[in-house]
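One structure is given here, and the rest of the page talks about it.
Okay, here's the thing in structure tokens:
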């Protein structure tokens, strides 16, 4: 029995060994066949794709060949040549009347008259009555002063008569003094001869002294007359001045237009009281206006008195609404705003419907001529401080060259001799030569060294697009 079990055990242990040696040898041909099959499929796909590619390539449609001269970009150019230009300066300001006045009451009084037509906005002429004040007190003062002056004039006339009378009396007194002196001398001679006594001499001396006193009194009265005359003349001058003031007050009681103009406003009605200095009306003359315009400080060396100024009340589109002339230029610049002020005078018909009103905010444009002829190009032709130049090549084409430039200034306006459709220009100080062909189109598609053609001015936009221009 043990031997049988041992035999069985050995038999069972040998079976796996025999099975393991048999399994790998049976699977290996299957794997080889699978790999070969996959390889053949891959080769077939590659060959099929190649055949398809060959077929597609051989049956492709050949595109039309575009001639080189058509495929090349055609650009527009502007020939550089110096021209006379004007620099443009823009500024803003508020119009004001050069002849406007506030009519104030020069004397106090109650309004007794206001013409029916006197209202705000009415056109008045020089001398037209605006308001009239009560003149009763001023007329009474005038009458009193005139009467007092007349009385003083009468006293002065009386002084003339009195002076003549005293002068005559003084002449008589002097004659009497001479006679008395001769009598005294005769009596003294008689006393020396013993024919007269002391009593006669004393009587003659007393008569002489009495006549001399009378002459002295008359002379004194005559000497006082000039001072009396001066006092009367001073009083007369005072009364005449009072009369003049009263007469002026009567005239000032009538408030009249000092010049032709339009009434801005009128204050007060009949019965209202006006004190001295009260503004009764305002009158404005719109025939002459002045506009202080602030321009860039850099314009100080360009603008001058006499330069024309175009004015607009809105956006500066089209022809200017008004034209003015610079009459003076402020000597100092404003350091805060970096501007200078020019004063522009505008003359107009004050009755015109399109007149410029005082107080209106306006834009002014000054064109100052440049004394030198300059190279001018469209502002859009400049890119990063450079211009693109079309340089002619030997084969009849043009090559794009980049040219560094030095910009003097820019301005707006039309230059018909260069391009009537352009209105924004840049003046070149250095970097251009006469005859250079400045490229002004397709700038964003060009690079230095590219070959380009020139657009014929006779080519229409449609033809240009067909030739490659966008």
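In my numbering, the protein residues as written are 1092 to 1561.
All C-beta atoms, glycine included, are put in the ideal place defined by N, C-alpha and C.
{"Asked": "Would you list the residues sitting across from residue 1223 in a DSSP beta bridge?", "Found": "1204, 1345"}
{"Asked": "Under DSSP, the beta strand (DSSP E) around residue 1371 begins and ends at which residues?", "Found": "1370-1387"}
{"Asked": "Of all the options 1190, 1193, 1223, 1215, which has the alpha carbon lying nearest to the alpha carbon of residue 1205?", "Found": "1223"}
{"Asked": "Check residue 1199 in the structure and name its three-state DSSP category.", "Found": "coil"}
{"Asked": "So residue 1352 is in the beta strand (DSSP E); what residue range does that whole segment cover?", "Found": "1352-1357"}
{"Asked": "Relative to the ligand SAH, is the shortest distance from any of its heavy atoms to the C-beta of residue 1292 smaller than 7 Å?", "Found": "Annotation note on the ligand SAH: not contained in the displayed structure, which lists no ligands."}
{"Asked": "By Cβ distance, which residues of its chain are closer than 7 Å to residue 1391, with the 5 residues on each side in sequence left out?", "Found": "1424, 1431"}
{"Asked": "Using only CA atoms, which one of 1447, 1440, 1209, 1181 lies nearest to residue 1361?", "Found": "1209"}
{"Asked": "Between the alpha carbons of residue 1542 and residue 1183, how many angstroms are there, rounded?", "Found": "48 Å"}
{"Asked": "Comparing the C-beta of residue 1270 with each C-beta of chain C, is any distance below 8 Å?", "Found": "Among the chains of the structure shown, chain C does not appear; only one protein chain is present."}
{"Asked": "In angstroms, rounded to a whole number, what distance separates the CA positions of residue 1189 and residue 1200?", "Found": "31 Å"}
{"Asked": "Among residues of its own chain, excluding the 5 on either side of residue 1141, which ones have a beta-carbon nearer than 7 Å to its beta-carbon?", "Found": "none"}
{"Asked": "Per DSSP, residue 1326 is paired with what?", "Found": "Per DSSP, none; premise fails for residue 1326."}
{"Asked": "Measure the alpha-carbon distance for residue 1271 versus residue 1283 and round it to whole angstroms.", "Found": "19 Å"}
{"Asked": "Quick one: grab the DSSP three-state call for residue 1170.", "Found": "strand"}
{"Asked": "Are the segment 1405-1420 and the segment 1470-1489 touching, with three or more C-beta to C-beta distances below 8 Å?", "Found": "no"}
{"Asked": "What do you get for residue 1536, buried or exposed, if any count of 16 or more other CB atoms within 10 angstroms of its CB means buried?", "Found": "exposed"}
{"Asked": "For residue 1382, which of 1416, 1357, 1173 has the nearest alpha-carbon?", "Found": "1416"}
{"Asked": "Since residue 1213 and residue 1354 should fall inside the 8 Å C-beta cutoff, what is the C-beta to C-beta distance between them, to a whole number of angstroms?", "Found": "5 Å"}
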